[in-house]
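Chains as they are written, first to last, in this note's numbering: chain A, 172 to 550; chain B, 300 to 603.
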């Protein structure tokens with residue numbers, strides 16, 4: 172028994188050694204030229220080679236040791252992270268998570284006061300919140316609707332260029348440009364969404380990627396409008412609801428009797444982006460909870476899969492619903508809801524879009540948004 | 300007319316390169332139904348390996364260009380195949396039974412990984428290689444325009460034709476090709492009938508990567524420069540070619556590659572060179588929306 176066990180362990184050990192050696196060989200093949208030899212442009216313009224055998228040796232050794240450890244320690248076990256966490260710890264973290272959200276929200280609200288003197292952290296947190304908002308917006312398209320949109324960031328560019336061009340060419344203020352940029356991006360969403368949403372799965376991903384690239388290339392090459400790679404400079408800065416952030420009379424600091432500081436503008440922008448990000452989140456939560464049309468959480472798969480065979484067999488035209496879909500994520504202000512009784516059925520929900528029998532709970536502006544978002548005549 | 304002929308020659312050369320990459324896309328899509336997004340970056344890795352291998356061979360004293368090129372071809376094909384195999388093993392195989400978009404997202408991640416890996420390992424600068432094969436033939440020597448056919452172009456086209464022939468032979472006549480066709484028809488049934496599916500898929504990736512490596516060498520010879528970003532654009536264009544020809548169809552990939560090369564060249568020649576990529580991407584969008592099965596593709600029947 173013990174002899175057999177030790178012999179099988181011995182075999183395992185030999186097997187692990189063999190696999191590790193194989194991995195090291197593969198790693199050597201992979202890294203031999205690309206890492207082992209570095210090319211640099213020499214003084215004459217020609218490339219010069221520098222050998223980096225130490226780095227290569229380190230990488231091969233890492234591959235060997237890594238595979239050997241995996242084979243000996245975790246042999247047979249699947250590397251599933253969740254199975255290694257005990258149940259009690261998971262319950263504890265779930266408990267903590269309830270309070271973590273509100274605590275972090277409070278932290279986000281007071282962060283500019285805490286870090287008032289640290290400009291770098293303020294800039295960084297504005298960037299973080301921008302990405303948070305982008306991520307939440309993308310989650311509506313990818314997570315809730317199940318459409319892998321790889322060109323989502325093109326709408327980010329549309330928004331940025333809309334503000335820059337509108338503010339510079341027409342002298343419109345930040346507060347007019349903000350909704351306008353959203354509407355323009357939403358318009359692009361409709362424009363692109365209409366043809367694109369006839370596709371499914373990975374084809375959709377590729378087409379959205381291509382659209383994103385087209386927008387990027389056009390923005391880079393349309394020198395006369397966008398300034399090409401140099402971009403647009405001296406864009407008017409946002410004001411505090413009309414009060415400019417400057418040291419002059421009538422400026423923000425002067426009106427409120429404060430000493431002028433350029434930080435005011437940064438802090439203000441921080442709160443603007445925080446509010447916008449929270450708005451995005453609120454819309455997402457409404458979509459998720461109120462509208463079963465986007466996703467049935469129970470089944471964990473997207474319900475609105477345009478052109479899905481199930482939807483078609485329920486004689487649901489894919490595009491009108493797509494139009495609703497496109498509107499919601501891009502303008503980020505048009506929640507679409509249906510009544511809760513439809514929560515579990517994708518086909519019913521899609522026909523819901525068509526029949527437009529909206530829930531009586533929806534507020535009037537939502538109904539207005541729906542009407543204006545749906546150019547189809549009533550059936 | 301002379302100008303047109305010259306653009307035709309350039310377009311066919313470019314199209315051959317795209318066609319070689321497109322085969323990798325179309326094979327993988329045919330067998331496991333996923334878009335191997337990292338394939339364009341495999342092509343880029345192949346070009347880099349060829350560059351470094353060539354410089355290393357020169358440093359070791361192999362100066363005869365034909366011998367060096369032959370060795371570079373072997374080294375680049377072997378090492379790039381290893382990359383293709385590793386990518387499949389690391390990034391795709393564990394996700395084979397996952398939800399449909401998981402391998403695609405993983406492939407996008409792999410593409411970013413390969414790009415950044417080469418950028419860090421070799422630097423972000425453009426790597427030039429002095430022209431190895433310089434001479435050519437002057438076909439028409441008219442006072443308006445001189446039509447030239449360079450030796451590089453001949454090599455590119457001839458190599459592509461030879462590789463296509465070899466590859467078609469592999470798919471049509473060998474055991475491996477039969478396995479591949481079986482997997483393309485029905486993965487599960489093929490495995491029930493004793494086809495080693497995992498191995499066949501691995502070989503598919505290896506062959507695709509080897510062809511991409513050849514395309515990388517051709518790119519290096521033709522343009523004389525490589526950088527870490529060439530993979531993305533070339534990859535999307537080759538994918539466009541595969542879709543245009545009908546994804547899953549091997550002759551379709553070649554025809555699509557030629558068409559994309561010609562369209563791009565003529566667009567640059569007669570309209571605007573800045574928007575040549577826009578033209579290629581627009582074709583991708585239009586083809587996918589209006590002709591999703593491509594020229595030679597089979598319509599796919601959706602099952603509920």
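Quick reminder that beta carbons are idealized off the backbone N, C-alpha and C, glycines included.
On a predicted model such as this, the values are computed, not experimentally measured, just so you know.
Counted within 10 angstroms of its Cβ, other Cβ atoms place residue 338 of chain B as buried (16 or more) or exposed = Reading the second chain from its first residue, position 39 is the one you call residue 338 of chain B. So residue 338 of chain B counts as buried.
Pick from A/335, A/278, A/230: whose alpha carbon is nearest that of residue 300 of chain A?
-> Taking the first residue of the first chain as position 1, residue 300 of chain A is located at position 129. Restricting attention to A/335, A/278, A/230, the CA atom closest to the CA of residue 300 of chain A is found in A/278.
Of the listed residues A/428, A/409, A/382, A/336, nearest to residue 360 of chain A (C-alpha basis) = Stepping through the first chain from its first residue, residue 360 of chain A is reached at position 189. Among A/428, A/409, A/382, A/336, the Cα nearest to that of residue 360 of chain A is on A/382.
Contacting residues, own chain, Cβ-Cβ under 6 Å from residue 335 of chain B (five flanking each side not counted) = Within the second chain, numbered from 1, the residue matching residue 335 of chain B stands at position 36. Within the same chain, residue 335 of chain B has close Cβ partners 327, 406.
Can you give me the Cβ contacts of residue 328 of chain A inside the same chain, cut-off strictly under 8 Å, excluding the 5 residues immediately before and after it?
-> For the purposes of this step, residue 328 of chain A is identified with residue 157 of the first chain, where counting begins at 1. Same-chain partners within the cutoff: 386, 387, 390.
Could you check which residue in A/436, A/364, A/189, A/411 has the C-alpha nearest to that of residue 242 of chain A?
-> Residue mapping note: residue 242 of chain A aligns to position 71 of the first chain, counting from 1. Nearest neighbour of residue 242 of chain A by Cα position, chosen from A/436, A/364, A/189, A/411, turns out to be A/189.
Residue 408 of chain A, buried or exposed, once every other Cβ within 10 Å from all chains shown has been counted against 16 | On the first chain, position 237 is the one that residue 408 of chain A refers to. That one is exposed.
Local conformation of residue 497 of chain A per DSSP, three classes = On the first chain, residue 497 of chain A is found 326 positions in, with the first residue counted as 1. Only weak support exists for where residue 497 of chain A lies, its pLDDT of 40 falling under 50; the coordinates are left without a value.
Between residue 241 of chain A and chain B, is there a C-beta pair that is closer than 8 Å?
-> Residue numbering aside, residue 241 of chain A sits at position 70 when the first chain is read from its first letter. For residue 241 of chain A, the nearest beta carbon of chain B is not closer than 8 Å to its own beta carbon.
My guess is that residue 428 of chain B and residue 519 of chain B are in contact by the Cβ rule of under 8 Å, so how many angstroms apart are they, rounded?
-> Residue 428 of chain B sits at position 129 when you count from the first residue of the second chain. Residue 519 of chain B sits at position 220 when you count from the first residue of the second chain. Contact holds; Cβ gap of about 6 Å.
What residues of chain A sit near residue 385 of chain B, judged by a beta carbon separation below 7 Å?
-> As a working note, residue 385 of chain B is residue 86 in the second chain. In chain order: 197, 201.
Name the chain A residues whose beta carbon is nearer than 8 Å to that of residue 351 of chain B?
-> Stepping through the second chain from its first residue, residue 351 of chain B is reached at position 52. Those are 204, 205, 208, 210, 220, listed as they occur along chain A.
In chain order, what residues of the same chain have a beta carbon less than 6 Å from the beta carbon of residue 335 of chain A, not counting five sequence neighbours either side?
-> Position 164 of the first chain, counted from the first residue, corresponds to residue 335 of chain A. Short of 6 Å from the beta carbon of residue 335 of chain A, and not among the five residues preceding or following it, lie these beta carbons of its own chain, in chain order: 403, 406.
Beta-carbon of residue 421 of chain A versus every beta-carbon of chain B: anything under 8 Å?
-> Taking the first chain and counting its residues from 1, one reaches residue 421 of chain A at position 250. Under the Cβ distance rule, residue 421 of chain A does not count among the residues neighbouring chain B, no pair being separated by less than 8 Å.
Contacts of residue 366 of chain A in chain B (Cβ-Cβ under 7 Å) = Position 195 of the first chain, counting from 1, holds the residue named residue 366 of chain A. Going along chain B in sequence order, the residues near residue 366 of chain A (Cβ under 7 Å) are 588.
Where residue 528 of chain B sits in the DSSP three-state scheme | Position 229 of the second chain holds residue 528 of chain B. Under the three-state reduction of DSSP output, residue 528 of chain B falls in the coil class, being neither helix nor strand.
Using the beta-carbon of each residue, which ones in chain B are nearer than 7 Å to residue 374 of chain A?
-> To locate residue 374 of chain A, count along the first chain from 1; it is residue 203. Those are 587, 591, listed as they occur along chain B.
Inspect the CB distances between the stretch 356-371 of chain B and the stretch 382-399 of chain B and report whether three or more fall short of 8 Å.
-> At 8 Å Cβ cutoff, the stretches do not touch.
Could you check where the alpha helix (DSSP H) with residue 483 of chain B kicks off and where it finishes?
-> In the second chain, counting from the first residue as 1, residue 483 of chain B sits at position 184. The continuous alpha helix (DSSP H) containing residue 483 of chain B extends over residues 474-484.
Any beta-carbon of chain B closer than 8 Å to the one on residue 225 of chain A?
-> Taking the first chain and counting its residues from 1, one reaches residue 225 of chain A at position 54. Residue 225 of chain A does not count as touching chain B.
Evaluate contact between the stretch 345-358 of chain B and the stretch 522-542 of chain B, counting only Cβ atoms and requiring at least three cross-stretch pairs below 8 Å.
-> Cβ pair count under 8 Å is three or more, so yes.
In whole angstroms, what is the alpha-carbon distance linking residue 373 of chain A and residue 286 of chain A?
-> The sequence position of residue 373 of chain A within the first chain is 202, counting from 1. The sequence position of residue 286 of chain A within the first chain is 115, counting from 1. Answer to the nearest angstrom: the Cα atoms are 44 Å apart.
Alpha carbon of residue 435 of chain B to alpha carbon of residue 454 of chain B, nearest angstrom = Taking the first residue of the second chain as 1, we reach residue 435 of chain B at position 136. Taking the first residue of the second chain as 1, we reach residue 454 of chain B at position 155. Cα to Cα, residue 435 of chain B sits roughly 11 Å from residue 454 of chain B.
Mind checking which residues open and close the beta strand (DSSP E) that includes residue 212 of chain A?
-> Residue mapping note: residue 212 of chain A aligns to position 41 of the first chain, counting from 1. For residue 212 of chain A, the uninterrupted beta strand (DSSP E) run begins and ends at 208-212, by DSSP.
Tell me whether residue 352 of chain A sits in a helix, a strand or coil according to DSSP, three-state version.
-> Here residue 352 of chain A refers to the residue found at position 181 of the first chain. Here residue 352 of chain A sits in helix by DSSP.
Taking Cβ to Cβ, would you say residue 318 of chain B is nearer than 8 Å to residue 553 of chain B?
-> As a first step, residue 318 of chain B must be located in the second chain, where it is residue number 19. As a first step, residue 553 of chain B must be located in the second chain, where it is residue number 254. Contact: yes.
So what does DSSP say about residue 433 of chain A, is it helix, strand or coil?
-> The sequence position of residue 433 of chain A within the first chain is 262, counting from 1. Note: residue 433 of chain A maps to coil in three-state DSSP.
Return the Cβ separation of residue 340 of chain B and residue 441 of chain B in integer angstroms, given the expectation that the two are a contact with Cβ distance under 8 Å.
-> Position 41 of the second chain, counting from 1, holds the residue named residue 340 of chain B. Position 142 of the second chain, counting from 1, holds the residue named residue 441 of chain B. With 8 Å as the limit, residue 340 of chain B and residue 441 of chain B do not qualify as a contact, their Cβ atoms being about 42 Å apart.
Express the C-alpha separation of residue 312 of chain A and residue 365 of chain A in angstroms, rounding to a whole number.
-> Sequence index remark: in the first chain, residue 365 of chain A carries index 194 (1-based). Sequence index remark: in the first chain, residue 312 of chain A carries index 141 (1-based). Rounded to whole angstroms, the gap between the alpha carbons of residue 365 of chain A and residue 312 of chain A is 14 Å.
Identify which residue in A/436, A/315, A/430 has its Cα closest to the Cα of residue 456 of chain A.
-> Walking along the first chain from the start, residue 456 of chain A turns up at place 285. Here the closest residue by C-alpha is A/315.
May I ask which residues mark the beginning and end of the beta strand (DSSP E) holding residue 440 of chain B?
-> In the second chain, residue 440 of chain B corresponds to position 141, counting from 1. Per DSSP, residue 440 of chain B is one residue of the beta strand (DSSP E) stretching across 435-440.
Would you say residue 282 of chain A faces chain B, with C-beta separation under 8 Å as the test?
-> Against the first chain, residue 282 of chain A aligns to sequence position 111. Taking Cβ atoms only, chain B never reaches closer than 8 Å to residue 282 of chain A, which makes this a no.
Are the beta-carbon atoms belonging to residue 323 of chain B and residue 508 of chain B less than 8 Å from one another?
-> Counting from 1 along the second chain, the entry for residue 323 of chain B is found at position 24. Counting from 1 along the second chain, the entry for residue 508 of chain B is found at position 209. Yes. Within cutoff.
Between which two residues does the beta strand (DSSP E) harbouring residue 680 of chain B extend?
-> The structure shown does not extend to residue 680 of chain B, since chain B spans only 300 to 603, so no value can be given for it.
Cα-Cα separation, residue 431 of chain A to residue 324 of chain A | Working through the first chain from its first residue, we reach residue 431 of chain A at position 260. Working through the first chain from its first residue, we reach residue 324 of chain A at position 153. Cα to Cα, the separation comes out at about 36 Å.
DSSP three-state assignment for residue 427 of chain B, whether helix, strand or coil = Taking the first residue of the second chain as position 1, residue 427 of chain B is located at position 128. Strand.
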